[in-house]
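Peer 1: So that we are looking at the same thing, I have put the structure below in structure tokens.
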Amino acid sequence: MKKLFTFLLVTFLVVGNLFAQYDPKGYFSEDPAFTKGTLKNGLTYYIRKNAEPKDRASFYIIRNAGALLEEDHENGLAHFLEHMAFNGTKHFPEKGIINTLEKYGVAFGRNVNAYTSYDETVYNISSVPMNVPHLLDTCLLILKDWTHYLSLEDEEIDAERGVISEEWRQRRNAGFRIQEKTFPILTKGSQYAVRDVIGSLDVIKNFKPQTLRDFYHTWYRSDLTALVLVGDFDTKEVEQKIKETFSDIPPVKNPKPLPFFAIPEYEEIRYVLATDKEINSSNVQLITLMRNEVKPKDMNYGYFRNALIEGFYNTLIRSRISEIMSKPNPAFMSASIAQAEFTRGYNSYTIRARAKPNEEAAAFKAILTENERVKRFGFLDSELERAKTNMLAGLESSYKQRDKVRNDSYVGPMKSNFLTGTPIVSVEDYYNFAKAVIPTITAKEVSEKARIWNIKQNQTIIVTGPDSLKHLTKEEALKIISEVENDNTIIPYQEETNLSEELIEEKLTGSPTVKEKQLPQFNAVEWTLANGAKVVFRKADYEKDRVALSSYSKGGTSLFDLDMLASAMNAAALVSSFGKANFDPTTLSKMLTGKLVDVRPSISSFYESVSGACAPKDFETMMQLVYMTFQQPRFDETLYENAMEKWQISLKNRNKNPQNIIQDSLDLIMNDYHPRTLLFNEKYLNSISLDKIKRIYLDRIKDASDFTFFIVGNIEQEKAKIFVEKYIGSIKSYNRKETWRDNNVKGFTGKVEKRIAVKMEEPKSLVFMNFKNDIKVNPYNTICMTVLKDILNIRYMENIREKEGGTYGVSVSASSTRLPKDNYSINMSFSCEPERAEDLKPLLRKELDEIIQNGPKQEDLDKVLTNIKKNREQSKPHNSYWMSTIYNYYRTG
0 MKKLFTFLLV
10 TFLVVGNLFA
20 QYDPKGYFSE
30 DPAFTKGTLK
40 NGLTYYIRKN
50 AEPKDRASFY
60 IIRNAGALLE
70 EDHENGLAHF
80 LEHMAFNGTK
90 HFPEKGIINT
100 LEKYGVAFGR
110 NVNAYTSYDE
120 TVYNISSVPM
130 NVPHLLDTCL
140 LILKDWTHYL
150 SLEDEEIDAE
160 RGVISEEWRQ
170 RRNAGFRIQE
180 KTFPILTKGS
190 QYAVRDVIGS
200 LDVIKNFKPQ
210 TLRDFYHTWY
220 RSDLTALVLV
230 GDFDTKEVEQ
240 KIKETFSDIP
250 PVKNPKPLPF
260 FAIPEYEEIR
270 YVLATDKEIN
280 SSNVQLITLM
290 RNEVKPKDMN
300 YGYFRNALIE
310 GFYNTLIRSR
320 ISEIMSKPNP
330 AFMSASIAQA
340 EFTRGYNSYT
350 IRARAKPNEE
360 AAAFKAILTE
370 NERVKRFGFL
380 DSELERAKTN
390 MLAGLESSYK
400 QRDKVRNDSY
410 VGPMKSNFLT
420 GTPIVSVEDY
430 YNFAKAVIPT
440 ITAKEVSEKA
450 RIWNIKQNQT
460 IIVTGPDSLK
470 HLTKEEALKI
480 ISEVENDNTI
490 IPYQEETNLS
500 EELIEEKLTG
510 SPTVKEKQLP
520 QFNAVEWTLA
530 NGAKVVFRKA
540 DYEKDRVALS
550 SYSKGGTSLF
560 DLDMLASAMN
570 AAALVSSFGK
580 ANFDPTTLSK
590 MLTGKLVDVR
600 PSISSFYESV
610 SGACAPKDFE
620 TMMQLVYMTF
630 QQPRFDETLY
640 ENAMEKWQIS
650 LKNRNKNPQN
660 IIQDSLDLIM
670 NDYHPRTLLF
680 NEKYLNSISL
690 DKIKRIYLDR
700 IKDASDFTFF
710 IVGNIEQEKA
720 KIFVEKYIGS
730 IKSYNRKETW
740 RDNNVKGFTG
750 KVEKRIAVKM
760 EEPKSLVFMN
770 FKNDIKVNPY
780 NTICMTVLKD
790 ILNIRYMENI
800 REKEGGTYGV
810 SVSASSTRLP
820 KDNYSINMSF
830 SCEPERAEDL
840 KPLLRKELDE
850 IIQNGPKQED
860 LDKVLTNIKK
870 NREQSKPHNS
880 YWMSTIYNYY
890 RTG
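Take the sequence shown: its position 443, counted from the start at 1, is 442 in numbering that gives the first Met the number 0, and no numbers get skipped.
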């Protein structure tokens, strides 16, 4: 006992000395890896050298301006301007920016994009090759044009009206319509209540071009703009080029001050009910808004410590709700309680429950009770200690991989610094801070947040759901709130503390390696164990704190007849959610505290697999979980019944959502109405049973001799071999010689044309076209199909979106399958105004016919091939590239 006391005393002194470095009133030093400056015209720039990926850079413009700045006659113009940035500038007329960048493999949409929100507008050019001469200068010139030199020509503005009108139409789904009804009540009296970023269709179609130009020059100005450049370049050279390129942009004379958009406070609890025919679940929320405008001078060590406390609060209450969901017949289908940023200058404390049909009162009372339990009794030390351990494990993993942070991941801290003054902290400084501070945080401090956040003002009750159900009234909701606050039967949270010390208590005999084969083309080795399992290992340390595992065995759901098929399709996912061995999900999570590890089974059409990932320190744990996935699966009747109840409830309103009807129709048509094309309906659910799931799982996820495993990651070969032999070597073998079964699901033949009439709240048409053919699947044909898909994306963007203004975008996808027969398929789809569908549809085929007859345009082909080669070059160092390459080699040759 004396030794333990001495250890605890030493630990306390070490932590105390560490934390002494962090006076709550002290401040982080800004990360020296960043260069920051401001030009005389007010433009701010941030630069950071980074070599992940090598020879690449990302360029961003951050605008401290968004939709809230619009007047009523400008409603939607901030977002419209975002589009116009790609429709002509001083140095890049018309589509010059896109055409220029795509020549170097920088693809529009994938690498070049933008977004507009209430408070900000952000443009990005990512993954730009820095080993191409003059491309740095080209990107800087594009940024300069975006900053001050948009052309905004009448013809281009008019052409874009159709594209944005279709984006407006595409967004008008049930969720958007619900938000249209609830947000104006939640933010009543503020600019948030009358703006939704996409704007008014009337304004979009009818505003005068000069109105857009005026808005642009009023708000899109240098003093509200920051440049962010991160990449594999010389920082001093880039800084000099920024000064040379951007200094001549004139500052705005007498600039309008940037307002703060306040949400008026209110005392009485507000209530809003929003229903919709197409929504399929009921939700009840109690949202409390709180002003949280933090000044840079307040962002000290104490501020960051408080952020950790708030994060722990959300984590702990999320764990409690997860535990409730694993118990029989929970009162809600899902729930959450969380404090989070609501919008700039405001946080929200949201208590939410997704209710069973006509049971909103029970769900609301249940989640309020959990909130009240925390408010009265707080959290336990044991709960917090687990959360601390997990957070420190995650931080340690991030710290180990700090040299593999991708360019775009650094943009967030710089954006926050520009918009709100948040300091840019180095990974090293924050890691050392967190290591010292986290042990000093107490359960009392975390629990105190419940008292602070549960305030009696700025509260809104929001009830949403299908219009066919009975919903909670304001009077009923207020009564429930009062009842819970005065309920004397609520008791403190209690948890099971007698956890097993080991995941696997039985003694495992394992299997030795009986054959070893070198694979020089992959710098890998193949082990065959005595139980017949085959394991391929490749040490890869590009990602320093990651080890990945995959596997396969032939068979899958193809081996099961129709009466078992629905159960087979869901068996792996359900069993994975049940926990393992004698450990339910809550207990298993506690057993894995501090470990970065996950293992999951899956059963697809022709294969079954077990896959996972871990930190190198947790490799043995991952191997233990692999063994348990095979030998100790858990079949939990309570969790099964809970899952089935959720699915049954989700059926109630499913077919009132037109997207579900359309998707079901497409599935049936594409598979020529084959009986094995199962739709999610009552018959489907009634055919599933726990007994079937158990039989299927135990049949598919078994037999080490029938599985090939793949391990790629940063662990020494001999260490990996020891645990492979012990745990994979202990999986039972049955020496089955299995393969998949051809159930003759061949899909449609010839030309099939269908028209599906679906009633919608917002009228629109979906045009879907598919071509498929039995062509040999090999690397050359697969690359050709990828090239064709990407060329079509370019052609459809140019002709159907931009030239015709007929749709927000055409989606093109391509796929190949070897089983049961070699086949390629390509899909094209878009949504549009119903009246235009028949005119636009032939354009899909027109572009294909042009390529069939004349081949692709050389310019398009060059763009696509350059992008493919660029992406492959970026991917090759990564562990995932090697896992995919080796896995596909074994499965397909």
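Every residue gets a Cβ at the ideal spot worked out from N, C-alpha and C, and that includes glycine.
Everything numeric in this text was worked out from a predicted model, so none of it was measured.
For isoleucine 460, count neighbouring C-beta atoms within 10 Å of its own C-beta (all shown protein chains included) and say buried if the count is 16 or more, exposed if not.
Peer 2: Looking at its Cβ environment, which holds 16 or more other Cβ atoms inside 10 Å, isoleucine 460 is buried.
Peer 1: Runs of 4 residues minimum, wholly inside the stretch 53-104: which ones carry the alpha helix (DSSP H) assignment?
Peer 2: Listed in chain order, the complete alpha helix (DSSP H) runs (minimum 4 residues) inside the stretch 53-104 are 76-83 and 95-101.
Peer 1: Give the single residue among Thr43, Ala192, Phe33 and Glu166 whose Cα lies nearest to the Cα of glutamate 70.
Peer 2: When only C-alpha atoms are compared, the closest one is Ala192.
Peer 1: Buried or exposed for glutamine 338, going by 16 or more other Cβ atoms inside 10 Å?
Peer 2: Buried, because 16 or more other Cβ atoms sit within 10 Å of the Cβ of glutamine 338.
Peer 1: Reducing DSSP to helix, strand and coil, say where asparagine 826 ends up.
Peer 2: The answer is strand: DSSP assigns asparagine 826 an E or B state.
Peer 1: Closer than 8 Å, CB to CB, is leucine 42 near chain D or not?
Peer 2: Absent here is chain D; the protein component of the structure consists of one chain.
Peer 1: Counting along the chain, where does the beta strand (DSSP E) carrying arginine 353 start and finish?
Peer 2: Where arginine 353 is concerned, the enclosing beta strand (DSSP E) stretches over 345-354.
Peer 1: Which class does phenylalanine 341 belong to by DSSP, given the choice of helix, strand or coil?
Peer 2: Of the three classes helix, strand and coil, the one that applies to phenylalanine 341 here is strand, per DSSP.
Peer 1: Tell me where the beta strand (DSSP E) around phenylalanine 629 begins and ends.
Peer 2: Careful: phenylalanine 629 lies outside any beta strand (DSSP E), inside the alpha helix (DSSP H) at 618-630.
Peer 1: Kindly identify the DSSP beta-bridge partner or partners of aspartate 275.
Peer 2: DSSP output for aspartate 275 lists Pro465 as bridge partner(s).
Peer 1: According to DSSP, is phenylalanine 521 part of a helix, a strand, or is it coil?
Peer 2: In this structure, phenylalanine 521 counts as coil in the three-state DSSP scheme.
Peer 1: Classify valine 513 as buried or exposed, calling it buried when 16 or more other Cβ atoms lie within 10 Å of its own Cβ.
Peer 2: Exposed is the call here.
Peer 1: What residues match up with alanine 113 in a beta bridge as DSSP calls it?
Peer 2: Answer is Tyr122, bridged to alanine 113.
Peer 1: In terms of residue numbering, what span does the beta strand (DSSP E) encompassing aspartate 597 cover?
Peer 2: Start and end: 596-602.
Peer 1: By Cβ distance below 7 Å, which residues in the same chain neighbour serine 396 in space, the five residues on each side in sequence not counted?
Peer 2: Asp544, Leu595 and Ala614.
Peer 1: How many angstroms separate the CA atom of arginine 775 from the CA atom of phenylalanine 245?
Peer 2: Here residue 775 turns out to be lysine, not arginine, going by the sequence shown. Going from the Cα of lysine 775 to the Cα of phenylalanine 245 covers about 54 Å.
Peer 1: In angstroms, rounded to a whole number, what distance separates the CA positions of isoleucine 851 and alanine 703?
Peer 2: If you take the alpha carbons of isoleucine 851 and alanine 703, they lie about 48 Å apart.
Peer 1: Look at the alpha carbon of serine 874 and the alpha carbon of lysine 868, and state the distance between them as a whole number of angstroms.
Peer 2: Answer to the nearest angstrom: the Cα atoms are 10 Å apart.
Peer 1: Does the Cβ-Cβ distance between valine 863 and valine 786 come in under 8 Å?
Peer 2: In this structure, valine 786 lies closer than 8 Å to valine 863 by Cβ.
Peer 1: Helix, strand or coil, according to DSSP, for glycine 611 in the structure here?
Peer 2: Note: glycine 611 maps to strand in three-state DSSP.
Peer 1: In whole angstroms, what separates the C-alpha of serine 281 from that of valine 462?
Peer 2: Rounded to whole angstroms, serine 281 to valine 462 spans 7 Å at the Cα level.
Peer 1: Can you tell me whether proline 855 is buried or exposed? The criterion is at least 16 other CB atoms within 10 Å of its CB, across all chains shown.
Peer 2: By the 10 Å Cβ count, proline 855 comes out buried.
Peer 1: Is it a yes or a no for the stretch 539-556 touching the stretch 694-708, going by three-plus beta-carbon pairs under 8 Å?
Peer 2: A contact exists between the stretch 539-556 and the stretch 694-708.
Peer 1: Which first and last residues belong to the alpha helix (DSSP H) in which phenylalanine 376 is found?
Peer 2: Element bounds for phenylalanine 376: 359-376.
Peer 1: Within the same chain, show all residues whose beta-carbon is closer than 7 Å to that of isoleucine 96, passing over the 5 residues directly before and after it, in chain order.
Peer 2: Hits under 7 Å: Phe85, Thr88 and Ile141.
Peer 1: For arginine 890 and valine 723, I'd like the C-alpha separation in whole angstroms.
Peer 2: Cα-Cα distance, rounded: 21 Å.
Peer 1: What's the gap between the Cα of tyrosine 302 and the Cα of alanine 56?
Peer 2: Rounded to whole angstroms, tyrosine 302 to alanine 56 spans 32 Å at the Cα level.
Peer 1: Taking the CB atoms as reference points, tell me whether lysine 516 and valine 524 lie closer together than 8 Å.
Peer 2: Taking 8 Å as the Cβ cut-off, lysine 516 and valine 524 qualify as a contacting pair.
Peer 1: Can you tell me whether aspartate 30 is buried or exposed? The criterion is at least 16 other CB atoms within 10 Å of its CB, across all chains shown.
Peer 2: Buried.
Peer 1: Check whether the stretch 738-749 and the stretch 798-816 touch, using three or more Cβ-Cβ pairs below 8 Å as the test.
Peer 2: No, they do not touch.
Peer 1: Around the C-beta of phenylalanine 432, are 16 or more other C-beta atoms found within 10 angstroms, so that it is buried, or is it exposed?
Peer 2: Classification for phenylalanine 432: buried.
Peer 1: From the DSSP output, read off the bridge partner residues of alanine 225.
Peer 2: Answer is Thr43 and Ile61.
Peer 1: Could you check the C-alpha separation between alanine 435 and phenylalanine 618 for me, to the nearest Å?
Peer 2: Cα to Cα, the separation comes out at about 27 Å.
Peer 1: Closest by CA to alanine 570, which one among Ala354, Gln456 and Ile687?
Peer 2: Closest by alpha carbon: Ile687.
Peer 1: Give me, in chain order, the residues of the same chain whose beta-carbon lies closer than 7 Å to that of alanine 361; leave out the 5 immediate sequence neighbours on both sides.
Peer 2: Around alanine 361: Ala330.
Peer 1: Within 10 Å of its beta-carbon, does phenylalanine 6 have 16 or more other beta-carbons around it, so buried, or fewer, so exposed?
Peer 2: Below a pLDDT of 50, predicted positions are generally treated as unreliable, and phenylalanine 6, at 37, falls in that range; no measurement from the model is reported.
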